[in-house]
Amino acid sequence: MVSMMECLTLCFVRKHQGIAQIMNRHVINPLVISLITLSTASGTILSLVTFMMSGIGRDQQMEFVRENYPTYYQDFSTLRNFAIYEFNFTFKLIAVGSFFAVSLFSIFFFFLIFDIFDLLRGVKKQISARNFQRHRAAVVSLVAQLVTSSLCLMPPIGLVIAIISHYEHSQAIVRILLAIFALHSTINAVVLIISTPAYWNLFQK
Numbered sequence: 003m004v005s006m007m008e009c010l011t012l013c014f015v016r017k018h019q020g021i022a023q024i025m026n027r028h029v030i031n032p033l034v035i036s037l038i039t040l041s042t043a044s045g046t047i048l049s050l051v052t053f054m055m056s057g058i059g060r061d062q063q064m065e066f067v068r069e070n071y072p073t074y075y076q077d078f079s080t081l082r083n084f085a086i087y088e089f090n091f092t093f094k095l096i097a098v099g100s101f102f103a104v105s106l107f108s109i110f111f112f113f114l115i116f117d118i119f120d121l122l123r124g125v126k127k128q129i130s131a132r133n134f135q136r137h138r139a140a141v142v143s144l145v146a147q148l149v150t151s152s153l154c155l156m157p158p159i160g161l162v163i164a165i166i167s168h169y170e171h172s173q174a175i176v177r178i179l180l181a182i183f184a185l186h187s188t189i190n191a192v193v194l195i196i197s198t199p200a201y202w203n204l205f206q207k
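In this text, residue positions in the sequence shown follow the working numbering: the first is 3, and each later residue adds one.
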């Protein structure tokens with residue numbers, strides 16, 4: 003999910019700059035674009051490392067099961083691969099970092115999308131109608147993908163809330179959220195087909 007949002011960011015920046023260069027307005031320095039690319043790529047690695055650090059060791063996991071779920075201790079002892087995450091300092095750090103990242107991305111996308119549509123209004127007079135429709139269709143498709151991806155963030159956010167709240171039936175909620183989250187690739191593919199004229203026309207044939 004983090005990688006998908008970062009790829010969308012780069013796609014938006016590339017499309018924004020493609021239109022900006024036609025208008026010769028709001029053209030970003032290549033060095034700044036390189037820094038944006040580097041920061042988005044490092045975000046995936048950072049999120050992966052911190053999430054791995056939030057887990058607890060095998061001995062601590064078994065101790066946690068013994069104290070909280072003694073009836074399942076024998077069953078867990080036979081499992082070779084399972085993970086238990088506590089709401090420790092690292093997990094709190096992930097929650098705060100995620101909130102900051104989502105807020106930053108929201109502000110970034112708001113201004114970027116607003117500026118793209120503003121540039122589109124100006125570029126309409128400088129390029130052919132066919133090229134304008136291509137640019138506009140690409141922007142609409144990107145916005146549709148962004149909205150879909152943002153909705154897919156709801157299950158992970160719900161997962162964090164369920165962990166923080168210590169809700170009695172959080173396990174059932176987590177299962178439902180994971181099932182919904184597993185559909186995000188299918189939903190993204192459907193939205194991509196519907197929002198991209200070339201794919202939609204091919205599908206109609």
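Where is the CB? At the ideal position from N, CA and C, for every residue including glycine. Please read all numbers here as calculations on a predicted model, not as lab measurements.
By Cβ distance below 7 Å, which residues in the same chain neighbour residue i in space, the five residues on each side in sequence not counted?
i    : result
V193 : A146, Q147, T150
Y201 : L194, I195
R138 : L122
M55  : T92
For residue i, which residues from the same chain have a beta carbon less than 6 Å from its beta carbon, with the 5 sequence-adjacent residues on both sides left out?
i    : result
F66  : I86
P157 : L179, I182, F183
F134 : K126
So for residue i, helix, strand or coil by DSSP?
i    : result
Y201 : helix
Y75  : helix
G57  : strand
Starting from the Cα of residue i, find the closest Cα among the options and give me that residue.
i    : options               : result
C9   : K126, F111, S130      : F111
G160 : L179, S152, L144      : L179
M7   : N190, Q76, Q206, T198 : N190
I182 : K127, G59, Q63, C154  : C154
S36  : A22, H28, R16, R27    : R16
F63  : H171, M25, E88        : The displayed chain sequence assigns Gln, not Phe, to residue 63. Measuring from the Cα of Q63, the nearest candidate turns out to be E88.
H186 : I38, S152, L40, G45   : S152
K126 : I24, S5, V176         : I24
S5   : G45, R177, R82, Q128  : G45
G57  : T39, R82, N90, F102   : N90
So, is residue i buried or exposed, given that buried needs 16 or more other C-beta atoms within 10 angstroms?
i    : result
F84  : exposed
T11  : buried
V29  : exposed
I109 : exposed
I21  : buried
V34  : exposed
T198 : buried
A140 : buried
S79  : exposed
T42  : buried
Can you give me the Cβ contacts of residue i inside the same chain, cut-off strictly under 8 Å, excluding the 5 residues immediately before and after it?
i    : result
Y104 : According to the sequence as given, residue 104 is Val; it is not Tyr. Same-chain partners within the cutoff: L155.
- Message: Under 8 Å, with one C-beta from each stretch per pair, do the region 43-60 and the region 82-99 reach the 3-pair mark?
- Response: Contact between the region 43-60 and the region 82-99 is present: three or more C-beta pairs spanning the two stretches fall below 8 Å.
- Query: Between the region 69-77 and the region 113-132, do at least 3 Cβ pairs fall closer than 8 Å?
  - Reply: No: the two stretches stay apart, fewer than three of their Cβ pairs being nearer than 8 Å.
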